[in-house]
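K.L.:
Protein chains in written order, with our numbering: chain D, 1 to 153; chain H, 1001 to 1150. In this text, a Cβ means the ideal position worked out from N, Cα and C, and glycines have one as well. Fair warning: this is a prediction, and the values are worked out from it, not measured in the lab. Structure below; questions to follow.
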């Protein structure tokens, strides 16, 4: 793996991506980092029954559209971005992806619907909650308790 | 909004790409688009390659989606090429690409462009669709595969 820093941006359904995208692209340009934009479709969101496949199809199409919106914005600023669409339990998939892509920093909006405390406790990279005063680095979250260790957006 | 098979004319389908290298494949596909689509072939190629140079559009699973939104085209359109041997698009999964969809749109058709990319990406994540596209023996059969799964 080379030394290029890797930023992972979580793009979620019904969570505005504007400020976390802005922060990610700014950081990517500062660090000459590459961005991995990821959406995870939670299969539990789709109701059981005959309409399930159609619903999943609509969720997937909407997720791709959000990812390509991110790509367009990144492209307009000459930032390298890869798009990933995954299915599964969001927290578990995100932890797996951050590890397998050797991500340095995960960025997500403070309005994320993920269990943030659990995410920070389990992930092995920095986490930046954009729009919050509570983001913390990866190591020993307990040591950082009560400390706003990263900048506020 | 148009569906994928409506944006892909049979004459823009090639079942065996002559080219084996990424830039040559993209050039081969751009030439399949007619003058009713392409206003400036050189500028279109530059726009596609600019994006390709920043980040590969090989999305894995043997699929590449080179794309561009540019003033060099008059309307949204697709071209398709298949390669048995595979083409190196520097995909995330490092696998050669056998199915290549070129997607172009005018600068002012962002929503249509985004939704076309989303629909093609969604379709091509499906193994059954990729297999059927790999087996289609005529351009018309290939379009029927797309139509039947949309």
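Jot down the residue ranges of each uninterrupted alpha helix (DSSP H) in the region 59-125 of chain D, minimum 4 residues, whole runs only, in chain order.
P.N.:
Counting only runs of 4 or more, we get 90-100 and 116-122.
K.L.:
With DSSP as the reference, identify every bridge partner of residue 8 of chain D, one or two as the case may be.
P.N.:
The residue you call residue 8 of chain D lines up with position 8 of the first chain. BP columns for residue 8 of chain D point to D/36 and D/106.
K.L.:
Please return the same chain residues whose Cβ sits closer than 8 Å to the Cβ of residue 1060 of chain H, not counting the five positions on each side in sequence.
P.N.:
For this step, residue 1060 of chain H is matched to residue 60 along the second chain. The residues are 1091, 1092, 1093 and 1095.
K.L.:
Where does residue 1034 of chain H sit, in a helix, a strand or coil, going by DSSP?
P.N.:
Within the second chain, residue 1034 of chain H is the residue found at index 34, counting from 1. In the structure shown, residue 1034 of chain H sits in coil (DSSP, three-state: anything other than H, G, I, E or B).
K.L.:
Is there contact between the region 106-116 of chain D and the region 1-20 of chain D, where contact requires at least three CB pairs shorter than 8 Å?
P.N.:
With a cut-off of 8 Å, the region 1-20 of chain D and the region 106-116 of chain D count as touching, because enough Cβ pairs lie within range.
K.L.:
Is there at least one Cβ from chain D nearer than 8 Å to residue 1001 of chain H's Cβ?
P.N.:
For the purposes of this step, residue 1001 of chain H is taken as the residue at position 1 of the second chain. It does not; no Cβ of chain D falls within 8 Å.
K.L.:
Since residue 73 of chain D meets chain H, which of its residues come closer than 8 Å, beta carbon to beta carbon?
P.N.:
Numbered from its first residue, the first chain carries residue 73 of chain D at position 73. Here the premise fails: no neighbours, minimum Cβ distance about 11 Å.
K.L.:
Name, in chain order, the residues that DSSP records as bridge partners for residue 1109 of chain H.
P.N.:
By 1-based counting over the second chain, the position of residue 1109 of chain H is 109. Per DSSP, none; premise fails for residue 1109 of chain H.
K.L.:
Could you tell me which chain D residues have their CB closer than 7 Å to the CB of residue 1119 of chain H, listed as they occur along the chain?
P.N.:
Along the second chain, one-based indexing puts residue 1119 of chain H at 119. Chain D residues near residue 1119 of chain H: 61.
K.L.:
Just verifying my parser: in three-state terms, what is the DSSP assignment at residue 1083 of chain H?
P.N.:
Sequence index remark: in the second chain, residue 1083 of chain H carries index 83 (1-based). The answer is strand: DSSP assigns residue 1083 of chain H an E or B state.
K.L.:
Using Cβ-Cβ distances below 7 Å, what residues of the region 112-134 of chain D are close to chain H?
P.N.:
Taking 7 Å as the Cβ-Cβ cut-off against chain H, none of the residues of the region 112-134 of chain D qualify.
K.L.:
Counting only C-beta atoms, is residue 32 of chain D closer than 8 Å to chain H at any point?
P.N.:
For this step, residue 32 of chain D is matched to residue 32 along the first chain. No - not a single Cβ of chain H is within 8 Å of the one on residue 32 of chain D.
K.L.:
Consider the Cβ of residue 1085 of chain H: report whether some Cβ of chain D lies at a distance smaller than 8 Å.
P.N.:
If you number the second chain from 1, residue 1085 of chain H lands on position 85. No, its Cβ sits nowhere closer than 8 Å to a Cβ of chain D.
K.L.:
Using only alpha-carbon positions, find the residue among D/59, D/18 and D/76 that is nearest to residue 1107 of chain H.
P.N.:
Along the second chain, read from residue 1 onward, the residue named residue 1107 of chain H stands at position 107. Nearest of D/59, D/18 and D/76 to residue 1107 of chain H, Cα basis: D/76.
K.L.:
Which residues bound the beta strand (DSSP E) around residue 1058 of chain H?
P.N.:
One-based indexing of the second chain puts residue 1058 of chain H at position 58. Where residue 1058 of chain H is concerned, the enclosing beta strand (DSSP E) stretches over 1058-1060.
K.L.:
Should residue 130 of chain D and residue 109 of chain D be called a contact, given that it needs their Cβ atoms to be closer than 8 Å?
P.N.:
Residue numbering aside, residue 130 of chain D sits at position 130 when the first chain is read from its first letter. Residue numbering aside, residue 109 of chain D sits at position 109 when the first chain is read from its first letter. Cβ atoms of residue 130 of chain D and residue 109 of chain D: closer than 8 Å.
K.L.:
Using a Cβ-Cβ distance under 8 Å, would residue 96 of chain D count as near chain H?
P.N.:
Within the first chain, numbered from 1, the residue matching residue 96 of chain D stands at position 96. Cβ-Cβ to chain H under 8 Å: no for residue 96 of chain D.
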